[in-house]
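The next block holds one structure in the form of C-alpha cells; read it before the comments.
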Amino acid sequence: MTLSPDEGRARDFPKRSDETAQRYSLGSSLEKLSLESLKAGRDQEFLSREDHATTTKALRQIRRVYMDIDGTAVPEGATSFSDETIESFRRATRAGIELTVGPTGKPFEEAAPLWESLPTDIPVDVIIEKGAYRMHRDEQGSMTKVYLLASPEEEQAIAQLKAKFYPTAGMPSIGGKLEEEFGIVIVPAGSGAHQAVLSFDVLKVGSGRDFQNWSLHERNEKKVTDQALLALVEDRFRELVSKANIAALDKARIIHLGNGNIELAPEKVEKHLAIRQDILDRGEDAIAVVGDSGNDRPMLELAGQGGSISGCLILHREKAIELAPLVDFIVTGEAQVGVFLDQIVQAKAANGLPDLDTFSPENEIG
Numbered sequence: 002m003t004l005s006p007d008e009g010r011a012r013d014f015p016k017r018s019d020e021t022a023q024r025y026s027l028g029s030s031l032e033k034l035s036l037e038s039l040k041a042g043r044d045q046e047f048l049s050r051e052d053h054a055t056t057t058k059a060l061r062q063i064r065r066v067y068m069d070i071d072g073t074a075v076p077e078g079a080t081s082f083s084d085e086t087i088e089s090f091r092r093a094t095r096a097g098i099e100l101t102v103g104p105t106g107k108p109f110e111e112a113a114p115l116w117e118s119l120p121t122d123i124p125v126d127v128i129i130e131k132g133a134y135r136m137h138r139d140e141q142g143s144m145t146k147v148y149l150l151a152s153p154e155e156e157q158a159i160a161q162l163k164a165k166f167y168p169t170a171g172m173p174s175i176g177g178k179l180e181e182e183f184g185i186v187i188v189p190a191g192s193g194a195h196q197a198v199l200s201f202d203v204l205k206v207g208s209g210r211d212f213q214n215w216s217l218h219e220r221n222e223k224k225v226t227d228q229a230l231l232a233l234v235e236d237r238f239r240e241l242v243s244k245a246n247i248a249a250l251d252k253a254r255i256i257h258l259g260n261g262n263i264e265l266a267p268e269k270v271e272k273h274l275a276i277r278q279d280i281l282d283r284g285e286d287a288i289a290v291v292g293d294s295g296n297d298r299p300m301l302e303l304a305g306q307g308g309s310i311s312g313c314l315i316l317h318r319e320k321a322i323e324l325a326p327l328v329d330f331i332v333t334g335e336a337q338v339g340v341f342l343d344q345i346v347q348a349k350a351a352n353g354l355p356d357l358d359t360f361s362p363e364n365e366i367g
C-alpha cells in the first residue's frame, strides 16, 4: 500500500525540561495527587500507584505497548509524530520494547501521514478501524494490511450498507430518510475511507457536504449537540439498518460515540477485543495500554482486570481522572507517550535497581 506524503506538522507537545520525567510513588493517593499535579501545571510528571521497587519491576516486564493516537501518541489532530516522540520510539525499540499504535478508530488513509513521519528503521505496527485490521511494514518498507477482527464478508457487507446509506441526489437512502425526518445533515466521519465500519457525523441543517475541506474546528462547529435528538437519530438508524436486512451485520453494534458521531461496527470489532486478539496472535504475556480519554476506557479496563496487562493514563483533561482507578501509572499535563516509554527504558536499564536521579527519597509522595 502506498502511503500519502504529508507536508503539515501540528504543534508538538511541550519539550521536556529534563531528560527524564520525575517519578513519584503515590499509593492509594494516585487519583488525588495526580489531579493536583495537573491543576498546578506540573507537566510530564510520571506517577505510579506502587512503591519504587515494585514499579521498576513492573516496568521492566513490559514487552509491548499499545497506545491511542490523538492525545496520547500525538496532540489532538496532529498529522505527524514530533521529533521528540520519534526519538522516544527509537529508544524504546532499541531496548527491546515492541510498539503498536492503536487500536484507533481511524481508517488507514487518515493514519497514513503519521507513518510517513516515522523513519522506516523504527518498527511500529498500527491497529486501525477499532481493531478490524492490523498493519505492519514489510521488508520493502511498505505498509501491509491483514485482517485482525474483521472478515472479508463483513467488509463487503459494510460496502453494501454504505451504498444504501449516504444521500445521493434523486436516490432514496437511509441517510436521506434520517435527514428528512430530523432536519439534519449526514456526512461521513473523518475522510469517509472506513472499510470495516460505517461512521457518520450528524450536522446541523444547512451545513453543506464539503466535509473534506473542513478543518476539525469547522466540522465540530457544525455538529448537532442536542443529545435527545442524537438519541432519536441513533434509534431510527438502528431500525432502518435492521430493515435493510444485511445478514453479515445482523449483530452489528450501533452506538453514539459522542460529539455527534454515530457508528456501526461488526459485533466483534472493538478496541479491547483487538488487543486481546493481537496478544493471542503474538503470544505476548506482558503488555501495557496507554490512553487519555473516555473512548479509551475499554482498553484501559483490560489493565483494571489485573494480570500481566499494565495501564497508563495520559492526564491532560480533568474529566479523564475518572479513568485513574483502572491504571497503574499516570503522566500528567500536555504530555506524550514518550514519557512513559522512557520510564520503561530506564527501568530495563537499571537491572532492577533504583535509578538515583528518579528514585531519590525526596521525590516520593505519600
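Residue numbering for the sequence shown follows the working numbering, starting at 2 and increasing by one per position.
The beta-carbon is built from N, C-alpha and C at its ideal position, and this holds for glycine as well.
Keep in mind that this is a model prediction, so the values were computed, not measured.
Measuring alpha carbon to alpha carbon, tell me which of the options ends up nearest residue i.
| i | options | result |
| --- | --- | --- |
| Val-290 | Phe-330, Val-206, Glu-319 | Phe-330 |
| Glu-88 | Arg-64, Ile-63, Asp-122 | Asp-122 |
| Asn-296 | Ser-309, Ala-321, Ile-280 | Ala-321 |
| Asn-262 | Arg-283, Gly-72, Lys-223 | Lys-223 |
| Val-75 | Gly-209, Val-188, Asp-236, Leu-115 | Leu-115 |
| Pro-108 | Arg-92, Glu-181, Gly-191 | Gly-191 |
| Ser-216 | Glu-46, Glu-32, Thr-80 | Thr-80 |
| Arg-95 | Asp-69, Arg-64, Val-328 | Arg-64 |
| Tyr-148 | Glu-140, Gln-161, Ile-129, Gly-142 | Ile-129 |
| Ala-113 | Ser-143, Arg-92, Glu-180, Gly-97 | Ser-143 |
| Arg-210 | Phe-238, Arg-239, Gly-177 | Gly-177 |
| Val-188 | Phe-201, Ala-245, Lys-272, Glu-110 | Phe-201 |
| Pro-326 | Ala-41, Arg-318, Ile-280, Gly-312 | Gly-312 |
| Leu-303 | Asp-343, Leu-36, Phe-238, Gln-278 | Gln-278 |
| Ile-288 | Glu-51, His-257, Gly-97 | Gly-97 |
| Glu-99 | Arg-318, Glu-323, Ile-280 | Ile-280 |
According to DSSP, is residue i part of a helix, a strand, or is it coil?
| i | result |
| --- | --- |
| Ala-289 | strand |
| Arg-239 | helix |
| Lys-1 | Residue 1 lies beyond the stretch modelled for the chain, which goes from 2 to 367, so this question has no answer here. |
| Glu-99 | strand |
| Arg-65 | strand |
| Thr-73 | coil |
| Ser-30 | helix |
| Ala-133 | coil |
| Thr-123 | The sequence shown places Ile at residue 123, not Thr. It is coil, neither helix nor strand. |
| Asn-262 | strand |
| Arg-12 | Residue confidence is low: Arg-12 scores 32 on pLDDT, short of 50, so the model does not pin down where it sits. No coordinate-derived value is stated. |
| Ile-83 | In the sequence as presented, Ile is not what sits at residue 83; that position holds Ser. Coil. |
| Ala-351 | coil |
| Ser-294 | coil |
| Ser-49 | strand |
| Ile-247 | coil |
Only counting the same chain, and skipping five residues up and downstream in sequence, which positions put a Cβ closer than 6 Å to that of residue i?
| i | result |
| --- | --- |
| Gly-193 | none |
| Ile-175 | Lys-165, Phe-166, Leu-241 |
| Asp-126 | Thr-101, His-137 |
| Tyr-67 | Thr-101, Ile-276, Val-290 |
| Asp-71 | Glu-77 |
| Val-332 | Phe-47, Ile-315, Val-340, Phe-341 |
| Arg-239 | Ile-255 |
Please go through the same chain and pick out, in chain order, the residues whose beta-carbon is closer than 7 Å to the beta-carbon of residue i, but skip the five residues on each side of it.
| i | result |
| --- | --- |
| Ile-159 | Gln-196, Ala-197, Val-198, Leu-199 |
| Phe-183 | Leu-230, Leu-233, Val-234 |
| Ala-351 | Thr-57 |
| Val-225 | Ile-185, Val-203, Leu-204, Lys-205, Leu-231, Gly-261 |
| Asp-251 | none |
| Glu-180 | Pro-168, Val-186, Ile-187 |
| Arg-91 | Ile-123 |
| Leu-31 | Leu-48, Arg-50, Ala-325, Ile-331 |
| Thr-73 | Val-291, Gly-292, Asp-293, Ile-315, Val-338 |
| Arg-43 | Thr-333, Gly-334 |
At a threshold of 7 Å, does residue i count as lining the ligand MN (C-beta to nearest heavy atom)?
| i | result |
| --- | --- |
| Leu-36 | Absence of the ligand MN is noted for the structure shown, with no ligands found whatsoever. |
Short of 8 Å in beta carbon distance, which residues of its chain neighbour residue i, apart from the five on each side in sequence? Order them along the chain.
| i | result |
| --- | --- |
| Lys-163 | Leu-199 |
| Leu-274 | Gly-132, Leu-150 |
| Ser-309 | Gln-62, Asp-286, Ala-287, Ile-288 |
Is there at least one Cβ from chain C nearer than 8 Å to residue i's Cβ?
| i | result |
| --- | --- |
| Ile-128 | Absent from the structure is chain C; it holds one protein chain and no more. |
Cβ contact (3+ pairs, closer than 8 Å) linking the region 262-271 and the region 136-155: Per the Cβ contact rule, the region 262-271 is in contact with the region 136-155 (3 or more Cβ pairs under 8 Å).
Any 3 or more C-beta pairs closer than 8 Å across the region 341-353 and the region 52-62: These segments touch.
Sequence ranges, alpha helix (DSSP H) only - wholly within the region 138-172, length at least 4: The DSSP assignment places complete alpha helix (DSSP H) segments of no fewer than 4 residues inside the region 138-172 at 153-166, in order along the chain.
Any alpha helix (DSSP H) of 4 or more consecutive residues that is wholly inside the region 186-242: Counting only runs of 4+ residues, the alpha helix (DSSP H) found wholly inside the region 186-242 occupies 217-223, in chain order.
Completely contained beta strand (DSSP E) runs for the region 307-349, where each covers 3 or more residues: Restricting attention to beta strand (DSSP E) runs no shorter than 3 residues, the region 307-349 encloses them at 310-316, 330-333, ordered along the chain.
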